[in-house]
Amino acid sequence: MLKTLYSLFILIILLFFSSWSFSQVSYDSEEADKLLNEEKFQEAAELYKQLINENIYNGYLWSNYGYCLYKTGNYQMAIEMFNKAINIGYESSSNAYNIACCYSLLKDPLNAVKWIHITAKYKFNNIEKTVKEDKDFDNIRNDKIFQEEVLPSPEMLKDRILGWKTDLKFMKRRMEETHFNINRVISKQDWDIKFSKLEENIEALDDAQIFTELMKITASVGDGHTSIYSGQDGKFMLHYLPLQFFMFEDGLYVIQVSAEYKELAGKKIKKIGNTNTNDLLEKIKPVASLDNELALKWTGMFILTENDILYGLGITEKNNETEITTEDGNKVTVRSATEKENPIHSPPGRINWIKGWKTDPAPLYLKNRGEMYWYEYIPVNQMVYMQLNGIGNKPDEKLNEFALRVFRFIDTSEVKYFVLDIRFNGGGNNTLNKALVQEIIKSEKINKVGSFFTIIGRNTFSAAQCLANSLENETNVIFAGEPTGSKPNFVGESSMILLPYSGSQVNCSSRYWQSYFSDDLRQWIAPQLAVKYYYNDYYMGNDPAMNAVLKYISRK
1024 MLKTLYSLFI LIILLFFSSW SFSQVSYDSE EADKLLNEEK FQEAAELYKQ LINENIYNGY
1084 LWSNYGYCLY KTGNYQMAIE MFNKAINIGY ESSSNAYNIA CCYSLLKDPL NAVKWIHITA
1144 KYKFNNIEKT VKEDKDFDNI RNDKIFQEEV LPSPEMLKDR ILGWKTDLKF MKRRMEETHF
1204 NINRVISKQD WDIKFSKLEE NIEALDDAQI FTELMKITAS VGDGHTSIYS GQDGKFMLHY
1264 LPLQFFMFED GLYVIQVSAE YKELAGKKIK KIGNTNTNDL LEKIKPVASL DNELALKWTG
1324 MFILTENDIL YGLGITEKNN ETEITTEDGN KVTVRSATEK ENPIHSPPGR INWIKGWKTD
1384 PAPLYLKNRG EMYWYEYIPV NQMVYMQLNG IGNKPDEKLN EFALRVFRFI DTSEVKYFVL
1444 DIRFNGGGNN TLNKALVQEI IKSEKINKVG SFFTIIGRNT FSAAQCLANS LENETNVIFA
1504 GEPTGSKPNF VGESSMILLP YSGSQVNCSS RYWQSYFSDD LRQWIAPQLA VKYYYNDYYM
1564 GNDPAMNAVL KYISRK
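Quick note on numbering: the sequence shown equals residues 1024 to 1579 in the working numbering.
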């Protein structure tokens, strides 16, 4: 059973990386809320009942009243109250989940399962994991319909082929329930055919090939958030190559690599497996989840390190090693290993990797990539440079506190220019953008044309895209760099679906994020100061985006 938003607001913010909360709070319910938090549910219920008589339009009151009834064992009446909240449109997903819990406690598996499906349709995040851990469902865990439609028993998952088919069945139904509009890009007929064909062929495929086909399915939905990841402790885990690629204007290069393969650091790549680099992006495109074509140059770099997927696409012959051919014809066989996550995403795992640039220390824009946010004052330019690599809170300083500290410095120092760098920002908690945007808007020094610049790029995505949208709408920003890796209006959200056999997780986009008019069909935000990235600039520590900003300032 979930508590109300009042009681779990902080937890919800942590769970939903880029979600707004559609809450309505009653300012007359302070005493009732206090009793609820003190777990005096009977007394709280009486007060909520009185408040509802005075205000029948507030879903917050209906939901809290229902929760108090649930806690006192009055499940049937609690169901009525949760339904009232849903009919008003208040916290529909959590109230639907609470109804499912009540039916389970009433030992009514048919209605409990029905409401679990309704909960999924209301876009409840990670419902399988929540149900699995919730003792409210202990009454019905051994029920046949519960096992067939919600959580299979361990006995049902012992067989490999049957296990993968179970994953396929659960994935299809839950994605159809959870996605904003599963047939927005792919027709229902084509969608159904993809699943039926995979089910027919599943016995002839090994695990890596099956997972590759699942990636093709999630990519076919047509948005950058809908994707699949191997589980951290399931039956299938991806093999990752210990290197990192980047697609420059002049070709594909290895920009970081583990010490074991140091001869590849900084090398231009001619071929991966049996595929020339000129054909690689097109070859991996069927498994790439994208909002626009530029994002393939970012997302594709991760796919190129997923050995199982290279194997599943026929690029390599083995799923645990790949032959890399450099421009000078040298061939290196790189072995891969199963990891809980791609080491590219884990800065501590790359501490001893060999870098593909010449300068030491690293250039400004690369020196603190492992930090979520940081800033530096550049006296010679009277400029503050701030890099924001994720939209989240650090343990020792929240983003709003950091933004306040940065602009206090700006207000009290000789600062003429502010550069915000979000080119490496793949998103996070969208609700945290507001404080930073407000500080920029309030700053008379910064919020004027020619004083405020934001560097964007192929990895500016999700909540970072929303930040770019807000800056374009509400400030006098000048964008520099490359176009963003997402659209101003996009389908997104991190709604996780746990597959029972393989342990794989499907991220299913459940919301449409509209920052502009509905007919704004732009594929990206394009920079006013456009740049291109070449390997020699990277190697020498030059930053074309910052150079473009400095050139603009010098011409003023």
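Just so you know, even glycine gets a beta-carbon here, dropped at the ideal spot from N, CA and C.
Suppose the cutoff is 8 Å on Cβ atoms and the five residues either side in sequence are ignored; what does the same chain contact list for L1573 look like? N1404
Quick one: using the 10 Å Cβ neighbour count with 16 as the cut-off for buried, is S1436 buried or exposed? exposed
Report all residues from its chain with a CB closer than 6 Å to the CB of K1417; omit the five preceding and five following residues, and keep chain order. M1395
Expressed to the nearest angstrom, what Euclidean distance is found between the alpha-carbon atoms of N1204 and K1354? 45 Å
Which two residues bound the contiguous alpha helix (DSSP H) that contains Q1099? Y1098 to I1111
Alpha carbon of E1305 to alpha carbon of M1406, nearest angstrom: 41 Å
Residues near A1571 in its chain [Cβ-Cβ closer than 6 Å; skip 5 each side]: A1503, L1552 and V1554
Less than 8 Å between CB atoms is the rule here; does S1485 satisfy it with respect to chain B? Considering every chain present, this structure includes no chain B. It has just one protein chain.
Where does W1397 sit, in a helix, a strand or coil, going by DSSP? strand
Exposure label - Q1255; buried when at least 16 CB within 10 Å: exposed
Taking the C-alpha atoms as reference points, what is the distance between Q1410 and A1068? 49 Å
In whole angstroms, give me the CA-to-CA distance for Y1284 and K1291. 14 Å
Mind checking whether T1189 and Y1524 have CB atoms under 8 Å apart? yes
CA-to-CA distance, L1459 to K1421, given in whole angstroms: 11 Å
Would you mind working out which of V1500, D1383 and F1193 sits nearest I1464, comparing C-alpha positions? V1500
Under the rule that 16 or more other beta-carbon atoms within 10 Å means buried, what is A1568, buried or exposed? buried
Buried versus exposed, by CB contacts within 10 Å (16 or more), F1045: At F1045 the pLDDT is 47, less than 50, meaning the model places this residue with poor confidence; the figure from the coordinates comes in the next sentence. Exposed, by the Cβ-count rule.
Is it buried or exposed, M1198, if we count other Cβ atoms within 10 angstroms and call 16 or more buried? buried
Per DSSP, what kind of secondary structure is S1044 in: helix, strand or coil? Caution is warranted here: a pLDDT of 44 is assigned to S1044, below 50, making its placement in the model unreliable, and the coordinate value is therefore given only provisionally. Correct three-state label for S1044: coil.
By alpha-carbon positions, which one of H1248, I1374, N1470 and S1127 ends up nearest to L1443? N1470
Cα separation between Y1145 and S1116? 5 Å
Grab me the residues of P1511's own chain with a C-beta within less than 7 Å of its C-beta, minus the 5 sequence neighbours each way, in chain order. N1492, S1538, Y1539, D1543, R1545 and I1548
Classify G1186 as helix, strand or coil using the three-state DSSP reduction. helix
Going by C-alpha distance, which of S1243, F1476, A1135 and N1391 is nearest Y1575? F1476
Taking the beta carbon of G1082 as the centre, do at least 16 other beta carbons fall within 10 Å, making it buried, or is it exposed? buried
Looking at L1387: is its Cβ nearer than 8 Å to the Cβ of E1399? yes
Find the nearest neighbour of I1478 within the set M1024, I1433, F1441 and L1521, judged by alpha-carbon distance. F1441
M1179 in three-state terms, based on DSSP: helix
Check whether L1025 and Y1120 have beta carbons under 8 Å apart: yes
Under the three-state DSSP convention, the category S1525 falls into: coil
Considering only residues of the segment 1124-1204, which uninterrupted alpha helix (DSSP H) runs meet the minimum length of 4 residues and lie entirely inside it, listed in chain order? 1132-1144, 1150-1156, 1167-1172 and 1183-1201
Nearest to N1297 by CA position, among E1344, E1316, Y1093 and K1181, is which residue? E1344
Rounded to whole angstroms, what's the CA-CA distance from I1150 to I1295? Just pull it up for me. 39 Å
Determine the closest residue to L1327 out of L1317, G1508 and T1339, with distance taken between C-alpha atoms. T1339
In chain order, what are the residue ranges of uninterrupted alpha helix (DSSP H) at least 4 long that sit wholly in the segment 1463-1513? 1486-1497
Taking 8 Å as the cut-off, decide whether the C-beta atoms of N1097 and I1109 are in contact. no
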